[in-house]
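Working notes, beginning with the structure itself.
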Amino acid sequence: MQSVRGGGGVTPAPVDFRRGEVAPGAVTDDRVNLLGLPRAELEAFVAERLGAKPFRARQLMKWIYRRGVAEFGSMTDLAQDFRAQLAGVAKISVPEIVTAQHSSDGTIKWMLRMDEVQGIETVYIPEPDRGTLCISSQVGCAMDCAFCATAQQGFNRNLSVAEIVGQVWLAHRELAAMGLETRTDGGTHGRRITNIVMMGMGEPLANYRNVVPATRIFMDDLGYDLSRRRVTLSTSGLVPQIYKLAGECNVALAVSLHAPNDELRNELVPINRRHPIAELLAACWHYLDEQNGRSITFEYVMLDGVNDTPDHARQLARLLRGRPAKLNLIPFNIFPGTKYRRSPAAVILRFRDVLNENGVIATIRRTRGDDIDAACGQLAGQVTDRTLVRLGSRHGSARRSEVEA
Ligand code: SAH
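Position in the sequence shown (first residue = 1) + 295 = the numbering used here.
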């Protein structure tokens, strides 16, 4: 594993294999990275570039995702001349692991090198009945939420589809290599990825065009074969993209609410100044209607003395009562330089009880991996040469096109 070097950033262009463009970050290599190409695109690629039948694409997907193979030479059920042809025009390139940190609670955090200068973080959270992988969608983030460590990093660039899917590919490989895990009851089980949450660094809906194809790989039965309820996209509230997503993709939606009124939310989640709560909630209910979805999870970070009073809980209940909504209360995770503090445990319990008494289902998220800075809001990665494109007033206002790419 190598350390991350400093230097200038790169701005990736979209890949279009039909015109033989160079993949993001690649300098001399014009082979197309097959990692992350959704099934239809992979079928088109093998047909147009290699004159092969669609079943070749399906074979390739099984090798790449199910078996975790990245060398064409090892794909033994593909004819040798087809493998040689493939190697000339395509590659399977995955991000490189810089560091792996293991928490005492079993959580693992990987720092992955994305290109010459940038690093992002991916976190695996094992639980008795599932294994959740929390992945990043951008290098840094432009949303500027007041209480989030990633926001302090600023924004550098969107991750490509390959870089998003590559996080799952790598975690899959690393977990398999670790073998069986011993449970507290003495039994053993494999470390598996049963759920993927886009709750790492970045705002997934600000990288819509790369995030949506990645979710297709997660849910494809030749990809990671996860059901729609096991792939969750968490957003700070980019309303136009929620409407767009409703018609194109059927992942579970989580929404970072964090405040029960616009005045407070404007301060904590600056995108609220553009898309206030009423607009955001309307988009959420539309999403559920279109998707036939069960409910939306609203995330609410518990900040001591800021948004955690029983009155805040009652205001929240008025917004969500009778709606298909669940509240997930997240104890604030501290990071260097923040002015916020975590609400005391008794305050969080009281907040939950007031919500429950007022007809809203609320649960408290257990903090995982905080001893290795892997908990919600603590992911910082390595964001170099960031443009201070942020939404909040602390660093000037962003242009719409840059934030909502
Ligand atoms: N940009 C997306 C996803 C990333 S953050 C979003 O905003 O939803 C995943 C969750 O962690 C969000 O609900 C986010 O608001 C929350 N979070 C951010 N910083 C936190 C912190 N310091 N402590 C606890 N939760 C935090």
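Where a beta carbon is used, it is the ideal one built from N, C-alpha and C, also for glycine.
Query                                                                                                                                                              : Result
Here's the rule: buried if 16 or more other CB atoms are within 10 angstroms of the residue's CB, otherwise exposed. What is N785?                                 : In this structure the chain extends from 296 to 700, so residue 785 is not present and cannot be described.
Rounded to whole angstroms, what's the CA-CA distance from S455 to Q586? Just pull it up for me.                                                                   : 26 Å
For D666, which residues of its own chain have a beta-carbon under 7 Å away from its beta-carbon, when the five flanking residues on both sides are left out?      : S398, S399
Let me check you understand the geometry: is the CB of N628 closer than 7 Å to at least one non-hydrogen atom of the ligand SAH?                                   : yes
Please report how far the alpha carbon of P390 lies from the alpha carbon of V649, in whole angstroms.                                                             : 45 Å
Does DSSP put R300 in a helix, in a strand, or in coil?                                                                                                            : Only weak support exists for where R300 lies, its pLDDT of 29 falling under 50; the value from the coordinates is given anyway. Three-state DSSP puts R300 in coil, outside helix and strand.
Going by the C-beta, is M473 closer than 7 Å to any heavy atom of the ligand SAH?                                                                                  : no
Applying the criterion that 16 or more other CB atoms from any shown protein chain within 10 Å of the CB defines a buried residue, is W405 buried or exposed?      : buried
Are the beta-carbon atoms belonging to A670 and G664 less than 8 Å from one another?                                                                               : yes
Could you compute how far the alpha carbon of P309 sits from the alpha carbon of I420?                                                                             : Residue placement at P309 is flagged as unreliable, the pLDDT there being 38, under the threshold of 50; the coordinate-derived value follows with that caveat. Approximately 32 Å between the Cα atoms of the pair.
So what's S638 in DSSP terms, helix, strand or just coil?                                                                                                          : coil
Who are the Cβ neighbours of Q673 in its own chain at under 6 Å, not counting the five residues just before and after it?                                          : A444, N628, F630
Helix, strand or coil for L559? Go by DSSP, reduced to three states.                                                                                               : helix
Report yes or no: do three or more beta-carbon pairs, one from the region 601 to 609 and one from the region 576 to 592, lie closer than 8 Å?                      : no
Compute every distance between the C-beta of A675 and the non-hydrogen atoms of the ligand SAH, then say whether any falls below 7 Å.                              : no
Can you check DSSP and say which residues form a bridge with K386?                                                                                                 : N328
Determine, using beta-carbon pairs with one atom in the region 526 to 543 and one in the region 405 to 419, whether at least three such pairs fall under 8 Å.      : no
Given this structure, state the Cα-to-Cα distance separating I572 from N653, to the nearest angstrom.                                                              : 20 Å
Output the distance between the C-alpha atoms of Q375 and V460, rounded to the nearest integer angstrom.                                                           : 27 Å
Could you tell me whether any non-hydrogen atom of the ligand SAH is closer than 7 Å to the CB of I625?                                                            : yes
Inspect the beta-carbon positions of E574 and V601 and report whether they are closer than 8 Å.                                                                    : no
For a test of your reading of the model: does the CB of V506 fall under 7 Å from any non-hydrogen atom of the ligand SAH? Yes or no.                               : no
Spatial neighbours of P333 within its chain, please: CB distance less than 7 Å, with the 5 preceding and 5 following residues excluded, ordered by chain position. : P508, R511, I512
Run through the region 435 to 469 for me and flag every whole alpha helix (DSSP H) of 4 or more residues, listed as ranges in chain order.                         : 444 to 448
With distances taken from CA atoms, which of E562, W464, H553, P499 is nearest Y519?                                                                               : W464
If you draw a straight line from the alpha carbon of L500 to that of G474, how long is it in whole angstroms?                                                      : 35 Å
Who are the Cβ neighbours of M494 in its own chain at under 6 Å, not counting the five residues just before and after it?                                          : C429, S529
Taking the C-alpha atoms as reference points, what is the distance between R618 and A640?                                                                          : 27 Å
What's the gap between the Cα of A549 and the Cα of T394?                                                                                                          : 29 Å
Buried or exposed for P423, please, with buried defined as at least 16 other CB atoms from any protein chain shown within 10 angstroms of its CB.                  : exposed
Report yes if the C-beta of A444 is less than 7 Å from at least one heavy atom of the ligand SAH; otherwise report no.                                             : yes
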